[in-house]
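Colleague:
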Amino acid sequence: MIEAKNIQQLDLNLLKIFECLYREKNMSETAKVLYITPSAVSHAIKRLRSVLNDPLFERQGQLMLPTPACQRMAPELIDLLEKLRQVLQACGDFNLATTAQTFKIALHDAIEPIVLPKLQLALAKHAPNASLASVKLSREDMHKQLANHQIDMAIDVARPIKAPISHAVLSSDHFCVLMKKNHPLKNQLNIDNYLAAKHVAVSNRATGTVIEDIALLQLSFNRQVAIRCQNYFAAKEVIKDAPFLLTLPSMVASQLLDDTLIARPVPTTMPAIYQHLYWHQSTDKDDALVWLRGQVQHIFKR
């Protein structure tokens, strides 16, 4: 039986660490997510163990697995913490003109030049004291980052999600092909010479299938990727001086086109590319983030 005086003396910050460790199941990862040291995580869990009279987590290799008592308690406790956050977010009247909060958005660097300048104009007009942080998109960690409030929202292509993550379609786009202005295929691009040409692909991974190749493989087409770049701006510099082709969403291509490059339609029918906005349901009643999501949707509608 837990003594009442122990509960009254409980530091609520410990529950945030408990919540994160329950999700991450690893001391080092929990420390990384919360920007604290692993020893701080260990100390916090030790204090909780003392209050709750249970080990809470047991080490198995690199994992910290919940005890049966922890497993029974954690879902309800985490749900209560989410409700507490919602209550605190709703506390007081939100004033857009005076808020000094930092909005954190995860997005691919290819669409950063499309979104950030317009979003900053909206902030300058309506929320001059607010600030904006663009965060590198991590598809593997997006759900955790939203749940832990490391980011407020994310912009990415369509992907499988489930509650408590919500999403809305921002735009529909199509692929096109960029090449240098004097490319020999500029007036005779067909599927045969497209597949025979050398291509530049953009990905921050050293290997693996990129989004346009997934679409091509669905059509039983296979192309030759000669160079992989980490971003489209580097890819642009490559194709300016080499007879390579760069296949990319037309929205991104519009940011790269200059008097050295031309754009051509992909010589086959490829599926549309959808950009989605993702956020955590716990922020549905946060007036500041509701406003920001509306601004992002307005940018893509335009």
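Note that the sequence shown covers residues 1261 to 1562 in our numbering.
Beta carbons: idealized from backbone N, C-alpha and C, even for Gly.
If you're wondering where the values come from, they're calculated on a predicted model, not measured in any experiment.
1) Kindly list the residues whose CB is nearer than 7 Å to the CB of Leu1270, restricted to its own chain and excluding five residues on each side of it in sequence; keep chain order.
2) Among residues of its own chain, excluding the 5 on either side of Lys1441, which ones have a beta-carbon nearer than 8 Å to its beta-carbon?
3) Given Leu1552, which residues of its chain have a CB within under 6 Å of its CB, disregarding the five upstream and five downstream residues?
4) Write down every uninterrupted run of the beta strand (DSSP E) in the segment 1378 to 1457 whose length is 3 residues or greater and which is fully enclosed by it, in chain order.
5) Does the Cβ-Cβ distance between His1536 and Pro1424 come in under 7 Å?
6) If you measure from the beta carbon of Met1287 to each beta carbon in chain B, is any gap under 7 Å?
7) Around the Cβ of Ile1451, are there at least 16 other Cβ atoms within 10 angstroms (buried) or fewer (exposed)?
8) Measuring CB atoms only, is the segment 1355 to 1372 touching the segment 1294 to 1308, in the sense that at least three cross pairs come out at less than 8 Å?
9) So, under 8 Å CB-CB, Tyr1534 and Ala1428 are touching, yes? Tell me the CB distance rounded to an integer number of Å.
10) DSSP on Arg1332, reduced to helix/strand/coil?
11) Residues in its own chain within less than 6 Å of Ile1511 by CB, not counting five upstream and five downstream?
12) My output table needs one value for Lys1265: the three-state DSSP class, helix, strand or coil.
13) When you compare the segment 1391 to 1398 with the segment 1495 to 1511, are there three or more beta-carbon pairs, one atom per stretch, that lie closer than 8 Å?
14) For the 8 Å Cβ check, are there 3 or more pairs between the segment 1317 to 1333 and the segment 1273 to 1289?
15) Does DSSP put Thr1543 in a helix, in a strand, or in coil?
16) Apart from the five residues on each side of it in sequence, which residues of its chain come closer than 8 Å, Cβ to Cβ, to Lys1385?
17) Between the alpha carbons of Val1556 and Leu1379, how many angstroms are there, rounded?
18) How would you call Tyr1208, buried or exposed, if buried means at least 16 neighbouring beta carbons within 10 angstroms?
19) Out of curiosity, what's the CA-to-CA distance linking Ser1463 and Thr1528?
20) In terms of alpha-carbon separation, which member of Ser1299, Ser1514, Gly1554, Asn1408 lies closest to Leu1438?
21) Identify which residue in Asp1547, Ile1559, Tyr1282, Ala1548 has its Cα closest to the Cα of Lys1404.
22) Can you tell me whether Thr1543 is buried or exposed? The criterion is at least 16 other CB atoms within 10 Å of its CB, across all chains shown.
Modeller: Answer, in terms of the structure:
1) Val1311
2) Asp1519, Thr1520, Leu1521, Ile1522
3) Phe1363
4) 1391 to 1396, 1413 to 1417, 1425 to 1433, 1435 to 1440
5) no
6) Looking for chain B here will not work: only one protein chain is present.
7) exposed
8) no
9) At roughly 11 Å, the Cβ-Cβ gap does not stay under 8 Å, so Tyr1534 and Ala1428 are not in contact.
10) helix
11) The sequence shown places Met at residue 1511, rather than the Ile named in the question. Here the set comprises Asp1433.
12) Residue placement at Lys1265 cannot be trusted, given a pLDDT of 49 that sits under 50; what the coordinates show is reported in the next sentence. The DSSP-derived three-state label of Lys1265 is helix.
13) no
14) yes
15) helix
16) none
17) Roughly 7 Å separates the two Cα atoms.
18) Absent from the structure is residue 1208, since the part of the chain shown begins at 1261 and ends at 1562.
19) 22 Å
20) Ser1514
21) Closest option to Lys1404, Cα to Cα, is Tyr1282.
22) buried
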